[in-house]
Structure formats: C-alpha cells, structure tokens
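Quick note on numbering: my numbering labels position 334 of the sequence shown as 367, and the sequence is numbered without any gaps. Glycine included, every Cβ here is placed at the ideal spot set by N, Cα and C. Below is one structure; the comments refer to it alone.
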Amino acid sequence: MSLPIEKSLSDELAREVARRRTFAIISHPDAGKTTLTEKLLLYAGAVHLAGAVQARSHQRAAKSDWMELEQARGISITSTALQFDYQGVRVNLLDTPGHQDFSEDTYRTLMAVDSVPFNWPIGEGSGFQGLYDLQESQILFFQRTLHNQRRAPMRVETFPHPSLAETLGEAYGPLQEEIALLTGAGTKFDRDRFLAGQLTPVFFGSALTNFGVEPFLNGFLELAPPPSPRMSTQGLMQPTDEKFSGFVFKIQANMDPQHRDRMAFMRIVSGRFEKDMMVYHARLDRKIRMTRPHRLFGRDRETIEEAYPGDVVGLVNPGLFAIGDTLCSGSPLAFDAIPQFPPERFGVLRRQDLTKQKQFQKGLQQLEEEGVMQVFYSPDHVRREPVLAAVGELQFDVVASRLETEYGVKTLVERMPFVLARWISGDPEVIAHIYWPQDTRRLVDRDGRMVMLFGSERLLAYCMNEYASLKFQLREEIGTTES
C-alpha cells in the first residue's frame, strides 16, 4: 500500500515544482523597477490599484515599498517578497533595492531566485504607443488610463494589415523594413538556448503607462525556468527530491508595527514543507519545530500549512535564524554560505538620548542581524560607542532613521576616515607589542575578535608586509561564530 502513496506524493511534488516561478527584478536607480513590480501585481490581480513611487494626492504607496524611509525618499531600501497566483502559476516575486549602497541585500536576494529580468530605460517617453511581437507577428496598441492605476486597454492587429498603413502613417515603412531585417538576419529565439544562458529575450513596454506589461508577464512566466537545484554538502539537491531543504537569505525586523517581531525569509530548495514539521538546523546542530510559517506579500502575512520548492516562506524569528542558515529534514546537510561584502564606510554612532540604552542595544543587534551593517567596539571598555561598518553611505541614513522610527532612539553617525577592515589573528604576544601606524584603528566585533580599520590600501599592504606572521582576513574568510 505504501508504493502508491509515495508515487502520489512524488507526483504532487513534481506538479507543484513545475508551476513555480521565482524571480527578482533588478535595475539601476530610478529606472522604474518598483513601478514595474507594482504593475505586475495589478495585472496579476494581486492588487486593484497600482501604487507609485512618487507619492501624490491621487496615488497610493507602492506595495513593495512598505518602510517609512522608502516611502519618504521614493527608493527601495530593502528587498521584499510578494507571492501570488496567476493563470495557474505560483509566482514568488522579490523586489530588490536599486541603489548600489544596498547591493549586498540585492545580492543575497539574487541567491534565492531562478531568473532575473533586467529593467532598462530607453527613453521613448510619450512617443511610445505600442509594440510589435516577433513571435506572434502582431502589433499591440495601448491606451492610457486615469493616473495609470488600472489595466491599459490593448488592441491587437495582425501584421501586415491594410489598415495599419493609415494608422501608423510615416512609421509604417520603417517598421516594415525593421521587421524584415530582424526576420531575415536576426537570431531566432530558442528556449533551450535561453535556459542555457546563450540567448536573452527582450520585451518592450512602459510600466508607468501600463503599456506592454501584460504581454511581458505572460511571456516571461512562459519562458522562465521552474525552481532549480542547489549544491549542498550532500551533493546537488533537486527540487523534486522528497527530502525537505531550504536556506535563510534575509532577516527583517519590525515588518508588522503591531507585533515588532523579526521575520526570516527562507527559500525552499527541495521537498515539501509543512507547518509544525521538525527540521534540522545546521548552524545550531539541533532540531527545531517550524510552528509559524507565513506567506508574505510586502509587509502583509498569512499563516500557511505547506509550501514547495521555489516558495519564499516567512518564519517568525525569536533569534534562532541568521542569514545563510540551512534547514532540512532527514540526514543533516548544509548549503554554501552566502557571500558577505567587505565594508568600505565607517562611522561612530552617537546616541542623543542617553536614557534609552535598552532600546538602543536591541535596535543595533536586530539591524546587524539583518545585515544592514556590522557593529564594532573599542577594546577600551571606557569608550563603548559603537562603530558602524557599511558597504554604502546610505546605509548610515537607514540605521539612523530606523533606530528613531522603530526603536524610538535618536542618533547621529559621525563619519570616520577609513576605507578597509580586516580581522587580525596570530600570536597574542606579538599582537600586544605592535605599535600600529597612524590612520589605523583597533576594534573588536560582537564576538570579541580583533578588527583593524585602515585608511588606505597602501597602508594595509604595509602592515601585512611588516607583520607577516599575522593573518589579515575578510570576515567571510574566518566564518561566523555560532550563536
């Protein structure tokens, strides 16, 4: 009797994997990435009115930009998970920050997806009225809607057609020539070559006016690959393997202002995930029960009973989870670590209200767990003002803003003239008698490990040569201490 049951479970898993699509949209700043994300939600029926980045009286906030600072500045600061169903496909869409100062968060998110549309502005503006579909030999005309918040009406014309010459006017002749050139000399699209990374399909449209959004959504979901395998210490884990496995790629605090809890974002790699199942936590080397899994939609959440490979599941985090953690059923395994970007900006964080020590320390700890920044301290216990280490300058603004809005603590960040950090290890006697040159600063991280800040690459090279018996390492080279 067991064989038919196993076959049924295997078939169900295969079906669920086949209908998953997990992707993240990327672009440079102000290219319209968040606007495109909102319009995909509109056309998928996940929202009734699309939000906009630039807030006006007739516009609503973008669903993916829920943080107060994001809405105030009109930029994406943190990655957001949005799960919805569309035409039988379970879509896991991850909106990413566009600014280079938040590139580490973007990179972590890209580790959790299977495909990545790149949004590239071409500046056609108001002259854009429609597009030609090479695959279907059709011209698609679009009409604008009030404030661009609703689906744009679309008219389809087969090409060539006698009426098109009058409709297009002077543009008709050049269009014929360009189509003939592409048809004769262009590369014919082949999905297998696309999946192998040898071809890149291009879609045209305007997310701002809703032109071409629906054809892009339909075409992309048809072309994009289902969940892909991932290498582990037990070999390649296929999505259809019945053994459950997943990894945490993001931590986010205070998504729900009523609860002020922390959420861990887990990408499921293989097998079926079930609420209340017991799983092995590789970093902690023990089993835990998955009691509160959630489906995420921006800052909104709802409890789920099950999930499948490709899904991004939100786990309420009481301090058990960290970025890069592996969770699995059965025999233990671990996935490769998520790379960490070395910090290049440093600043002393000064508290303006000295009475809120508890809130201050809680905020620092939770923001560091999210990967917003790293926190160092002076080894001199008299001077315990934290030193922030970040990839980009804007991360300091995020820390100060979130400490004030989420933890009620006003702070200032005083910039420091350093550009590099290295973890130092070696003979304690040797280290104790070193006289470090100017433009360096000796600190310790939260685990008590020695960290040196350097004012230039040349100074680092000098110290590495002068003190050759010591190790000068990046954080990812020494690993992280278990908590």
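When Cβ pairs closer than 8 Å are counted between the two stretches, the stretch 354-373 is seen not to touch the stretch 334-345, the count staying below three. With 16 or more neighbouring CB atoms inside 10 Å of its own CB, Thr-111 falls in the buried class. Contact check for Trp-153 and Ser-303: beta-carbon distance about 34 Å, past the 8 Å limit, so the pair fails to qualify. The Cβ-Cβ distance between Tyr-440 and Gly-396 falls below 8 Å. Secondary structure at Phe-354: coil, using DSSP grouped into helix, strand and coil. Within the stretch 330-418, the runs of beta strand (DSSP E) at least 3 residues long that lie entirely inside it are, in chain order, 333-336, 345-349, 359-361, 378-384, 407-410. The C-alpha of Arg-417 is placed about 54 Å away from the C-alpha of Phe-236. A Cβ-Cβ distance of about 4 Å is found for the pair Gln-267 and Leu-366, placing them in contact under the 8 Å criterion. At a Cβ-Cβ threshold of 8 Å, Asn-243 and Lys-72 count as neighbours.
At a Cβ-Cβ threshold of 8 Å, Ala-145 and Phe-282 count as neighbours. Here DSSP, grouped into helix, strand and coil, assigns Ala-494 to helix. The straight-line gap separating the alpha-carbon atoms of Asp-166 and Leu-256 is approximately 15 Å. Non-local beta-carbon contacts of Arg-334 in its own chain, meaning distances under 8 Å to residues more than five positions away in sequence, involve Met-288, Asp-289, Met-296, His-327, Arg-328, Gly-347 in chain order.
Counting along the chain, the unbroken alpha helix (DSSP H) around Ala-213 starts and ends at 205-218. With a threshold of 16 other beta carbon atoms within 10 Å, Ser-278 meets it and is buried. Rounded to whole angstroms, the separation of the alpha carbons of Arg-474 and Val-431 is 24 Å.
If you draw a straight line from the Cα of Gln-209 to the Cα of Met-264, it comes to about 48 Å. Looking only at Ile-58, Glu-490, Thr-113, Tyr-119, the smallest Cα-Cα distance to Tyr-76 is reached by Tyr-119. In the DSSP annotation of this structure, the continuous segment of the alpha helix (DSSP H) that includes Asp-138 starts and ends at 136-143. With 16 or more neighbouring CB atoms inside 10 Å of its own CB, Ser-362 falls in the buried class.
Within 10 angstroms of the beta-carbon of Asp-147 lie 16 or more other beta-carbons, which makes it buried. For Arg-224, the secondary structure class from DSSP, reduced to helix, strand or coil, is helix.
Listed in chain order, the alpha helix (DSSP H) elements of length 4 or more contained wholly in the stretch 235-272 are 246-256.
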